[in-house]
Amino acid sequence: EADIYQTPRYLVIGTGKKITLECSQTMGHDKMYWYQQDPGMELHLIHYSYGVNSTEKGDLSSESTVSRIRTEHFPLTLESARPSHTSQYLCASKDGGMNTEAFFGQGTRLTVV
Amino acid sequence: GEDVEQSLFLSVREGDSSVINCTYTDSSSTYLYWYKQEPGAGLQLLTYIFSNMDMKQDQRLTVLLNKKDKHLSLRIADTQTGDSAIYFCAETPPLGDDKIIFGKGTRLHILP
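As you go down the protein sequences, you meet chains A and B in turn. The working numbering applies: residue 1 is where the first sequence begins, and numbers increase by one. The working numbering applies: residue 1 is where the second sequence begins, and numbers increase by one.
The structure is reproduced here in structure tokens:
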């Protein structure tokens with residue numbers, strides 16, 4: 001069973017609010033990722049990290065920001081939520097090496113009203 | 001650039017075999033993966049295949065790789081209602097920044 005956790009699982013919040021989605025893993029993985037998943041299923045990489053103090057933007061432009069102060073923690077923040085941010089956000093981690101399984105959290109379903 | 005293509009939907013009768021197809025563009029990819037996403041959950045690795053293999057079988061799952069055509073398939077024998085999920089094909093190109101490139105996912109629907 002994967003030891004990667006996301007909180008909250010569901011969040012409904014008003015426009016303009018600041019939110020932080022939490023992601024933690026206890027596997028000691030260096031690499032962590034945030035994906036945004038459309039209702040139509042497609043996954044879009046929005047942020048990734050190779051380790052502490054490393055953060056990179058993904059393929060899909062996002063107004064969110066991330067930080068990686070500790071290996072196990074990779075939070076995602078939206079300074080001012082908008083309805084267009086409504087989506088499912090999935091966090092993943094993997095170890096180094098070419099063939100390593102990516103472990104996913106259960107996801108956070110965000111609704112901005 | 002890297003791209004992974006899949007058909008979006010597949011309906012199969014319970015007990016029949018399901019075949020989910022995928023094409024990819026990066027011929028240098030060393031490993032190719034199939035992930036499963038059940039409703040309301042994250043993705044879970046089902047199986048993977050190394051690029052020097054043509055086939056890999058694991059219980060009800062058979063993965064076929066045609067490297068020449070860059071075509072990957074997942075066959076699920078004796079499909080059950082619990083197999084109803086979204087299946088993602090993925091690759092990790094060996095060069096670059098270790099991103100996981102996912103297809104758009106195939107939603108498998110099981111008919112009674």
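From the three backbone atoms N, C-alpha and C, an ideal C-beta is built for every residue, glycine too.
For a quick check, are the C-beta atoms of residue i and residue j less than 8 Å apart?
i, j, result
"residue 79 of chain B", "residue 18 of chain B", "yes"
"residue 25 of chain B", "residue 71 of chain B", "no"
"residue 51 of chain B", "residue 93 of chain B", "no"
"residue 74 of chain B", "residue 20 of chain B", "yes"
"residue 21 of chain A", "residue 75 of chain A", "yes"
"residue 26 of chain A", "residue 72 of chain A", "yes"
"residue 86 of chain B", "residue 105 of chain B", "yes"
"residue 98 of chain B", "residue 31 of chain A", "yes"
"residue 60 of chain A", "residue 36 of chain A", "yes"
From this set, the options, which residue's C-alpha is nearest residue i's C-alpha?
i, options, result
"residue 4 of chain B", "A:78, A:44 and A:23", "A:44"
"residue 34 of chain A", "A:50, A:80 and A:15", "A:50"
"residue 24 of chain A", "A:11, A:3 and A:38", "A:3"
"residue 17 of chain A", "A:93, A:78 and A:70", "A:78"
"residue 32 of chain B", "A:93, A:113, A:64 and A:100", "A:100"
"residue 19 of chain A", "A:81, A:55 and A:47", "A:81"
"residue 83 of chain B", "B:68, B:89 and B:109", "B:109"
"residue 53 of chain B", "B:30, B:35 and B:38", "B:30"
"residue 52 of chain A", "A:69, A:91, A:40 and A:63", "A:69"
"residue 100 of chain B", "A:63, A:58 and A:10", "A:58"
Using a beta-carbon distance below 8 Å, is residue i in contact with chain A?
i, result
"residue 102 of chain B", "yes"
"residue 43 of chain B", "yes"
"residue 98 of chain B", "yes"
"residue 86 of chain B", "yes"
For residue i, would you say it is in contact with chain B, using Cβ-to-Cβ distances shorter than 8 Å as the test?
i, result
"residue 105 of chain A", "yes"
"residue 81 of chain A", "no"
"residue 57 of chain A", "no"
"residue 43 of chain A", "yes"
"residue 101 of chain A", "yes"
"residue 48 of chain A", "yes"
"residue 76 of chain A", "no"
"residue 31 of chain A", "yes"
"residue 90 of chain A", "yes"
For residue i, report the span of its beta strand (DSSP E) as first-last.
i, result
"residue 5 of chain B", "4-6"
"residue 48 of chain B", "43-50"
"residue 50 of chain A", "Note, residue 50 of chain A: premise wrong, no beta strand (DSSP E); not H, not E."
"residue 55 of chain B", "55-58"
"residue 85 of chain B", "85-91"
"residue 72 of chain B", "71-76"
"residue 12 of chain A", "10-13"
For residue i and chain C, any beta-carbon pair shorter than 8 Å?
i, result
"residue 105 of chain B", "Of the protein chains in this structure, namely A and B, none is chain C."
- prompt: Three or more C-beta pairs closer than 8 Å, one from the stretch 7-15 of chain B and one from the stretch 51-60 of chain B: is that the case here?
  reply: Contact fails: fewer than three Cβ-Cβ distances are below 8 Å.
message: Would the stretch 84-104 of chain A count as touching the stretch 31-49 of chain B if we require 3 or more Cβ pairs under 8 Å?
response: Put simply, the stretch 84-104 of chain A touches the stretch 31-49 of chain B. At least three CB pairs are less than 8 Å apart.
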